[in-house]
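Asks:
Residue numbers (our numbering), protein chains in the order written: chain A, 4 to 109; chain B, 1476 to 1637.
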């Protein structure tokens, strides 16, 4: 049985969340936005997997891994829908810069 | 510091550096290359956590499918695939907010022990029994969401819709 420090995992997921948030706030390209969202989402999934192994009771530990499996599926679905939006935006606007997708503004 | 700890800190450093590189490089294709390395690195961390099923899932879904999907998205929306992304100003507010979120998460971990804690390994068979047993509703929900999102994606990209 191996041992790993909980603080290191929380710091890593906090760092990845910060990097993802930074990307979401600064990038204007839709594909880069999707990449930033994936980074932030992976930070959450990493926490689920670590605390599944760290949890004191067996049942809750396995639930953590189950939720991580479902979250990976959700993330893949989100990328598929995101790319459909990218294609629709490109067809209408001729660009995938989200700064120019302002048709819903009053 | 034991061997797994050294491996974890090395993998963690690579994860943060590759995630940052993916968002900071100017060519979009290089972004996809860096994010592929990031996904493979996270998969290695899952193997280190003795969660082999999630490690393989990460390799197949993220490093495989998501990377190819993102690459396809770039290929069909760019005249030249290696064209550079226009520089966007990195506002100080975004950096400050990202740093604040990091500090908030890290300061909230005072109650966790900083010494290494044992990792429990789970058999993939036990995980699948759990997924199709007590956690079955989650999997059902995922299937329903996937069905709705595939329908939505097809509606968005179908021909003749402007």
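Ideal Cβ positions, reconstructed from N, Cα and C, are used throughout, including at glycine.
To the nearest whole angstrom, what separates the beta carbons of residue 1490 of chain B and residue 1522 of chain B, a pair I think is in contact under 8 Å?
Replies: In fact, because the Cβ distance is near 14 Å, the residues do not count as touching under 8 Å.
Asks: Using the Cα positions of residue 1545 of chain B and residue 33 of chain A, report the straight-line distance between them to the nearest angstrom.
Replies: Looking at the two C-alpha atoms, the distance is approximately 10 Å.
Asks: What span of residues does the alpha helix (DSSP H) with residue 27 of chain A cover, start to end?
Replies: Here the alpha helix (DSSP H) through residue 27 of chain A covers 9-29.
Asks: Over what stretch of residues does the alpha helix (DSSP H) that includes residue 109 of chain A continue unbroken?
Replies: Where residue 109 of chain A is concerned, there is no enclosing alpha helix (DSSP H), given that its DSSP letter is neither H nor E.
Asks: With residue 1590 of chain B as the anchor, note down where its alpha helix (DSSP H) starts and where it stops.
Replies: That residue, residue 1590 of chain B, is in no alpha helix (DSSP H); it is neither H nor E in DSSP.
Asks: How about residue 6 of chain A and residue 49 of chain A: do their beta carbons lie closer than 8 Å?
Replies: No, they are not a contact pair.
Asks: Within 10 angstroms of its Cβ, does residue 55 of chain A collect 16 or more other Cβ (buried), or is it exposed?
Replies: Result: buried.
Asks: Does residue 28 of chain A have its Cβ less than 8 Å from a Cβ in chain B?
Replies: Yes, because at least one Cβ of chain B sits closer than 8 Å to the Cβ of residue 28 of chain A.
Asks: Compile a chain-ordered list of the residues in the stretch 1510-1532 of chain B whose CB is closer than 9 Å to at least one CB of chain A.
Replies: Within the stretch 1510-1532 of chain B, the residues whose Cβ lies closer than 9 Å to some Cβ of chain A are 1510, 1513, 1514, 1517, 1520, 1521, 1523, 1524, 1525, 1526, 1528, 1529 and 1532, listed in chain order.
Asks: Who are the near neighbours of residue 52 of chain A in its chain, counting only those whose CB is closer than 6 Å to its CB and skipping five residues on each side?
Replies: Excluding residues within five positions, the ones whose Cβ falls inside 6 Å are 71.
Asks: Would you grab the beta carbon distance between residue 25 of chain A and residue 1481 of chain B for me? Rounded to a whole angstrom, and I think it's under 8 Å.
Replies: Residue 25 of chain A to residue 1481 of chain B, Cβ: 28 Å. No contact.
Asks: Count the C-beta pairs between the stretch 1536-1552 of chain B and the stretch 1607-1627 of chain B that are closer than 8 Å, then say yes if the count reaches three, no if not.
Replies: No, the stretch 1536-1552 of chain B does not touch the stretch 1607-1627 of chain B.
Asks: Just to check my reading of the structure: residue 1529 of chain B and residue 68 of chain A have Cβ atoms closer than 8 Å, yes? What is that Cβ distance to the nearest angstrom?
Replies: Correct: roughly 6 Å between the Cβ atoms.
Asks: Smallest Cα separation from residue 1599 of chain B: which of B/1531, B/1511, B/1492 and B/1518?
Replies: Closest by alpha carbon: B/1531.
Asks: Name the two residues that bound the continuous alpha helix (DSSP H) containing residue 1483 of chain B.
Replies: Taken as a continuous stretch (DSSP letters only), the alpha helix (DSSP H) holding residue 1483 of chain B covers 1478-1499.
Asks: Of the choices A/11, A/101 and A/73, whose alpha-carbon is the least far from that of residue 1616 of chain B?
Replies: Checking every option, the nearest Cα to that of residue 1616 of chain B belongs to A/73.
Asks: Are the C-beta of residue 15 of chain A and some C-beta of chain B separated by less than 8 Å?
Replies: Chain B contact via Cβ: present.
Asks: Please report how far the alpha carbon of residue 41 of chain A lies from the alpha carbon of residue 78 of chain A, in whole angstroms.
Replies: Each residue's Cα considered, the two are about 7 Å apart.
Asks: Kindly identify the DSSP beta-bridge partner or partners of residue 6 of chain A.
Replies: Beta-bridge pairing links residue 6 of chain A to B/1593.
Asks: Pick out whichever of A/98, A/19 and A/83 has its Cα sitting closest to the Cα of residue 1573 of chain B.
Replies: Looking at the Cα atoms, A/19 is the closest of the given residues.
Asks: Output yes or no for whether 8 Å exceeds the beta carbon distance between residue 82 of chain A and residue 1497 of chain B.
Replies: Cβ atoms of residue 82 of chain A and residue 1497 of chain B: not closer than 8 Å.
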